[in-house]
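**Q** Residue numbers (this note's numbering), protein chains in the order written: chain A, 1 to 284; chain B, 1001 to 1286. Here a beta-carbon is modelled for each residue, glycine too, at the ideal position from N, C-alpha and C. Keep in mind that this is a model prediction, so the values were computed, not measured.
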Amino acid sequence: MIPTIPQTNVLKWSYRAYVTLFFIYLALPLTVVCVFAFNDSVFPSLPWEGFTMAWFFGTEAPFIGVFNERSIMRAIGTSAFVAMWVAGLAVFVGTCNAFLFVRHDFRGKGFLYILMLLPLIIPGVILGISILVFASSVANTLEDATNMWFDGLRPGLLLVILGQFSFITTFATLVISARLQKFDPSLEEAALNLGASKWGAVRQVTLPFLFPAIMGAGVVAVLMSFENFNTTLMLVGSDSPLTITMFDKLKHGSTPVLNAVSLLLMIISAALGLLALLFQRSKE
Amino acid sequence: MTDKSKLGFYLLLMPLMLWLITLIVLPHIGLFMVSISEKIGVREYETGLGNYAVFFNEPLYWRTFARTAFMSIFTTILTLVLGFPVAYYIAKLTRGRTKTTLFLMCLIPFWVSELVRTFGWMILLRETGVLSNFLQYTGVIGGPVEFLYNDGAIMVGLVYTSILFMIVPLVTTLDSLDDSLIEAGYDLGGTGYSIMREIVIPHAMPGIVSGCIVVFMLSLGNYLTPILLGGKDSLWFTGLIYTQFITRFNWELGSAFGFLLLALSSTIVFLGLKLSRQSLTETMGR
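Dropping the structure here:
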């Protein structure tokens, strides 16, 4: 079935109807989440009680808006803190990996490459518990040996950062490697001929060329970190990132304040997504 | 290699090794070691397969495991069947701007947190939700109906969460299929069905396999969707792992569960790659 082959109208229209239905299915949950953020009722469900902005700016109980709900604002702060660290680390290690895999040939390269891809096929929950178990046993050993406390290795933000970093780095590596492969090494050689040092050539010529990919990988890393749930769930301590806070609230019954947070998240994601697209554009 | 470039090489190798060894290799070895240790007293352990024996002797555990596996397989098939026509439509029946727009629309759920997507389904499906109200309004049902908290709701949620990981590779592979091959098939007297079976599907196989692998893995390792959309009896294996680790604090049994889940997902990935004669590097490293 392709445009050049004639089809009966019934077939053509039922196919179109199916695809339309599919996109409605795709849009439906997101639409209702957004719409009910403006419902003037304490439950995110029908009947529609009228339009309100109280779930964003409200100050009086039960209509406490997102911007006045301390627990949610704190969780957004925590998430942003985690995301910055994860993105920074993942992009740094990803860039090193890209140079290693694209520029160097060494024994065991194929094996290391497969090992590098593994985090993609390990379920997030397993990644979480394995890091939890390992960090705890290291902490136990160190505490027995030194009689000091190693709270950083107990569930908490450090472990959340490490857990998310452990698989987001793979994505960063893939994105940056793909860009580095397109780089023409003769440009770097020209810089060397003109008297640049090796590091100077990389810094002045190669890194600027990689910049769009590095920024793109960073944006994707921030998004993935913000959205991550499975790995974070297993490693979280007393400071919980946004997804965990929302999950706890959702389990104990939800108010439209969650819709309002969700809407804000969507806007932030969309903005970041556009940013990533723009960086992608500037590649060409 | 000069000494200086050797130094550079090791400097580049260091972050990679540090990352892979301390966060991937050692933790999984550690997880395995914990899973084969049995608690016999306070901080006293001995090596044995007792935790795995517990899993096989307790029907609740292995039934949940099997249930999770079967429902994930079913999700994968459903995603493929529902997603293929859409991917085909985008790849073959649209052009230019429409194509880009539709393709980007498929990606929208990815930019939204899984929690938000699941929350959306809760609003739609609950007893006081949008669907129940809509059906009452149109007169299909007499009173409020609870659509949430059953296996059907889990399936809807899982398919929703993972379908884009099926559509994206499918669109990519179908896009590379030259229309003239399909035309040639028709010229040679093929029917719509035989062309699908002998030209389109074989060509799309790499996309089908990588889509299926990713969707299966995501469903198997999912925690949010089954917990929030499923009912009291709709257990999911990741839920059991969470209970052992966080609620019961039985890390030995939890590790054994984790390892079983990891083994299952790795086996499926391996089989999928073998059956389609592809390598992990080609499928994932795009």
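Considering only their Cβ atoms, is the gap separating ALA1087/B from ILE1167/B smaller than 9 Å?
**A** As a first step, residue 1167/B must be located in the second sequence, where it is residue number 167. As a first step, residue 1087/B must be located in the second sequence, where it is residue number 87. Contact: yes.
**Q** Nearest by alpha-carbon distance to SER240/A: which of PRO256/A, VAL82/A, TYR15/A and VAL19/A is it?
**A** In the first sequence, counting from the first residue as 1, residue 240/A sits at position 240. Out of PRO256/A, VAL82/A, TYR15/A and VAL19/A, VAL82/A has the C-alpha closest to the C-alpha of SER240/A.
**Q** Sort SER1035/B, CYS1212/B and ILE1021/B by Cα distance to THR1076/B and report the nearest one.
**A** As a first step, residue 1076/B is located in the second sequence; it is residue number 76 there, counting from the start. Ranking the options by Cα distance to THR1076/B, first place goes to CYS1212/B.
**Q** Which residues in chain A sit within 7 Å of TRP1251/B, going by Cβ to Cβ distance?
**A** Locating residue 1251/B in the second sequence gives position 251, where the first residue counts as 1. Residues of chain A passing the Cβ test: VAL133.
**Q** Let me make sure I understand the geometry here. Which of ALA139/A, ARG107/A and LEU26/A has the alpha-carbon closest to that of LEU1104/B?
**A** Translated into positions along the second sequence, residue 1104/B becomes position 104. That would be LEU26/A, whose Cα lies nearest to the Cα of LEU1104/B.
**Q** Are the CB atoms of PRO208/A and ARG179/A nearer to each other than 9 Å?
**A** What you label residue 208/A is simply residue 208 of the first sequence in a count that begins at 1. What you label residue 179/A is simply residue 179 of the first sequence in a count that begins at 1. Result no, Cβ atoms of PRO208/A and ARG179/A do not sit closer than 9 Å.
**Q** Can you pull the chain B residues whose beta carbon is under 7 Å from the beta carbon of GLY124/A, in chain order?
**A** Residue numbering aside, residue 124/A sits at position 124 when the first sequence is read from its first letter. Here the neighbours are GLY1221.
**Q** Report yes or no: do the region 1122 to 1138 of chain B and the region 1172 to 1187 of chain B share at least 3 C-beta pairs separated by less than 8 Å?
**A** Flag = no, the region 1122 to 1138 of chain B and the region 1172 to 1187 of chain B do not touch.
**Q** I think LEU1125/B touches ILE126/A, with their Cβ atoms under 8 Å apart; what is that distance to the nearest whole Å?
**A** Stepping through the second sequence from its first residue, residue 1125/B is reached at position 125. Stepping through the first sequence from its first residue, residue 126/A is reached at position 126. With a Cβ gap of about 29 Å, LEU1125/B and ILE126/A do not count as contacting.
**Q** Looking at VAL1214/B and SER1162/B, is the spacing between their C-beta atoms short of 9 Å?
**A** Counted from its first residue, the second sequence places residue 1162/B at position 162. Counted from its first residue, the second sequence places residue 1214/B at position 214. Their beta carbons are under 9 Å apart, which means SER1162/B touches VAL1214/B by this criterion.
**Q** Taking Cβ positions only, does ASN97/A come closer than 9 Å to chain B?
**A** Indexing the first sequence from 1 puts residue 97/A at position 97. At least one chain B Cβ lies under 9 Å of ASN97/A.
**Q** Can you give me the Cβ contacts of LEU223/A inside the same chain, cut-off strictly under 7 Å, excluding the 5 residues immediately before and after it?
**A** Residue 223/A sits at position 223 when you count from the first residue of the first sequence. Closer than 7 Å at Cβ, skipping near neighbours: SER269 and LEU272.
**Q** Check whether the Cβ atoms of GLY237/A and PRO155/A sit closer than 9 Å, and answer yes or no.
**A** Within the first sequence, the letter at position 237 stands for residue 237/A. Within the first sequence, the letter at position 155 stands for residue 155/A. In contact: GLY237/A and PRO155/A (Cβ atoms closer than 9 Å).
**Q** Tell me which residue opens and which closes the alpha helix (DSSP H) that PRO212/A is part of.
**A** Mapped onto the first sequence, residue 212/A falls at position 212. Unbroken alpha helix (DSSP H) run through PRO212/A: 207 to 227.
**Q** What number of angstroms, rounded off, separates the C-alpha of PRO1169/B from the C-alpha of GLU1058/B?
**A** Here residue 1169/B refers to the residue found at position 169 when the second sequence is read from its first residue. Here residue 1058/B refers to the residue found at position 58 when the second sequence is read from its first residue. Rounded to whole angstroms, PRO1169/B to GLU1058/B spans 40 Å at the Cα level.
**Q** Return the CA-CA distance between MET1122/B and LEU1181/B, expressed in angstroms with no decimal places.
**A** For the purposes of this step, residue 1122/B is taken as the residue at position 122 of the second sequence. For the purposes of this step, residue 1181/B is taken as the residue at position 181 of the second sequence. Taking the straight line joining both Cα atoms gives about 45 Å.
**Q** Is the Cβ of THR169/A closer than 9 Å to any Cβ of chain B?
**A** Within the first sequence, numbered from 1, the residue matching residue 169/A stands at position 169. With 9 Å as the cut-off, THR169/A counts as an interface residue toward chain B.
**Q** Report all residues from its chain with a CB closer than 8 Å to the CB of GLY1129/B; omit the five preceding and five following residues, and keep chain order.
**A** The residue labelled residue 1129/B in the question sits at position 129 within the second sequence. For GLY1129/B, where only same-chain residues beyond five positions count, the Cβ hits under 8 Å are MET1122, ILE1123, PHE1147 and LEU1148.
**Q** Name the chain B residues whose beta carbon is nearer than 8 Å to that of PHE229/A?
**A** In the first sequence, residue 229/A corresponds to position 229, counting from 1. Here the neighbours are SER1113, GLU1114, LEU1115, TYR1223 and LEU1224.
**Q** Please report whether the beta-carbon of ILE72/A lies at a distance below 9 Å from any beta-carbon of chain B.
**A** Translated into the one-based positions of the first sequence, residue 72/A becomes position 72. So, not an interface residue.
**Q** Is the Cβ-Cβ distance between THR95/A and LEU210/A less than 9 Å?
**A** Looking up residue 95/A in the first sequence gives position 95. Looking up residue 210/A in the first sequence gives position 210. Yes, the pair counts as a contact, with Cβ atoms nearer than the cut-off.
**Q** Assign PHE1056/B to buried or exposed, taking buried as 16 or more other Cβ atoms, counted over all protein chains shown, within 10 Å of its Cβ.
**A** Here residue 1056/B corresponds to residue number 56 of the second sequence, with the count starting at 1. Exposed, since its Cβ has fewer than 16 Cβ neighbours within 10 Å.
**Q** So, with DSSP's three-state summary, where would you put GLU284/A?
**A** Your numbering for residue 284/A matches position 284 in the first sequence. In this prediction, GLU284/A has a pLDDT of 49, which is less than 50 and means its spatial position is unreliable; what the coordinates show is noted afterwards. GLU284/A falls in the coil class under three-state DSSP.
**Q** Taking DSSP as the reference, what is the three-state secondary structure of THR1047/B?
**A** By one-based count along the second sequence, residue 1047/B stands at place 47. THR1047/B falls in the strand class under three-state DSSP.
**Q** Interface residues of chain B around ALA270/A at Cβ under 8 Å?
**A** Translated into the one-based positions of the first sequence, residue 270/A becomes position 270. The contacting residues are TRP1111.
**Q** Answer yes or no: do PHE134/A and LEU1218/B have a C-beta to C-beta separation smaller than 9 Å?
**A** On the first sequence, residue 134/A is found 134 positions in, with the first residue counted as 1. On the second sequence, residue 1218/B is found 218 positions in, with the first residue counted as 1. Contact: no.
**Q** Find the residues of chain B that neighbour PHE23/A, judging by a C-beta separation of less than 7 Å, and give them in chain order.
**A** Here residue 23/A refers to the residue found at position 23 when the first sequence is read from its first residue. What PHE23/A touches in chain B: MET1105.
**Q** Three or more beta-carbon pairs under 8 Å between the region 1084 to 1103 of chain B and the region 16 to 32 of chain A, yes or no?
**A** Counting Cβ pairs under 8 Å, three or more are found: they touch.
**Q** Among residues of its own chain, excluding the 5 on either side of ILE244/A, which ones have a beta-carbon nearer than 7 Å to its beta-carbon?
**A** Within the first sequence, the letter at position 244 stands for residue 244/A. If we look at ILE244/A and ignore the five residues flanking it on each side, its Cβ neighbours are THR232, LEU233 and VAL236.
**Q** Could one say the Cβ of ILE214/A lies closer than 9 Å to chain B's Cβ atoms, at least one of them?
**A** What you label residue 214/A is simply residue 214 of the first sequence in a count that begins at 1. Answer no: the Cβ-Cβ gap between ILE214/A and chain B never drops below 9 Å.
**Q** Under three-state DSSP, which class holds ILE1141/B?
**A** As a first step, residue 1141/B is located in the second sequence; it is residue number 141 there, counting from the start. ILE1141/B: coil per DSSP, three-state reduction.
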